[in-house]
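To keep things clear, I will list the structure first and then write my remarks on it.
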Amino acid sequence: MKVLLVDDDSIHLMILKRIFEQHFADVCVAKNGKEALRILEIDSSFQVILTDIIMPEMNGIELVSYIKESHHISQIPVIGFTSGDLEKFRKEVSDDFHHLVSKTQDFYQLVDLARLAVA
Numbered sequence: 001m002k003v004l005l006v007d008d009d010s011i012h013l014m015i016l017k018r019i020f021e022q023h024f025a026d027v028c029v030a031k032n033g034k035e036a037l038r039i040l041e042i043d044s045s046f047q048v049i050l051t052d053i054i055m056p057e058m059n060g061i062e063l064v065s066y067i068k069e070s071h072h073i074s075q076i077p078v079i080g081f082t083s084g085d086l087e088k089f090r091k092e093v094s095d096d097f098h099h100l101v102s103k104t105q106d107f108y109q110l111v112d113l114a115r116l117a118v119a
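Take the sequence shown: its position 27, counted from the start at 1, is 27 in UniProt numbering, and no numbers get skipped.
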């Protein structure tokens, strides 16, 4: 499975990358939504995208909106995570995400959600 991880927290991103590399052969990382879009312009073959919601430059909500409007990548499931007010985001934008979860949850649960998203 080919996975794109997007998070401005470098420690969180490093942990996620290591965990996902244990389960999937191809893992790519981006530090914000703009960087993720640059990656997606070059390579649209990702099977799932996991993104933080609250990030500088381009947040996860803006990123998923762009993805859903772009026909060549709109079919890629996007899992959002946040350390912010999860219920607020679920009310506002949950339809745009395949899953929307708390950033503090078990990292391995994100692996399971990624597997379910592409099953």
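All C-beta atoms, glycine included, are put in the ideal place defined by N, C-alpha and C. Remember, it's a predicted structure, so these values are computed and weren't measured experimentally.
Member of L50, T82 and G60 whose CA lies at the smallest distance from the CA of L116: Of L50, T82 and G60, the residue nearest in Cα terms is L50.
Three-state secondary structure assigned by DSSP to I53: Coil at I53, not helix or strand.
Integer Cβ distance of S45 from K2, believed to fall under 8 Å: The beta carbons of S45 and K2 sit about 6 Å from each other, so the pair counts as a contact at 8 Å.
Residue(s) in a DSSP beta bridge with A30: Beta-bridge pairing links A30 to V6.
Residue 122, buried or exposed, once every other Cβ within 10 Å from all chains shown has been counted against 16: Past the edges of the chain, shown from 1 to 119, lies residue 122, and the structure says nothing about it.
Presumed contact (8 Å Cβ cut-off) between D52 and D8, rounded CB distance: Confirmed, about 6 Å.
Cα-Cα separation, H23 to K17: Their Cα atoms are separated by approximately 10 Å.
For F81 and K103, the rounded distance between their alpha carbons: Roughly 5 Å separates the two Cα atoms.
Within 8 Å, strictly: CB atoms of I61 and V93: Yes, the pair counts as a contact, with Cβ atoms nearer than the cut-off.
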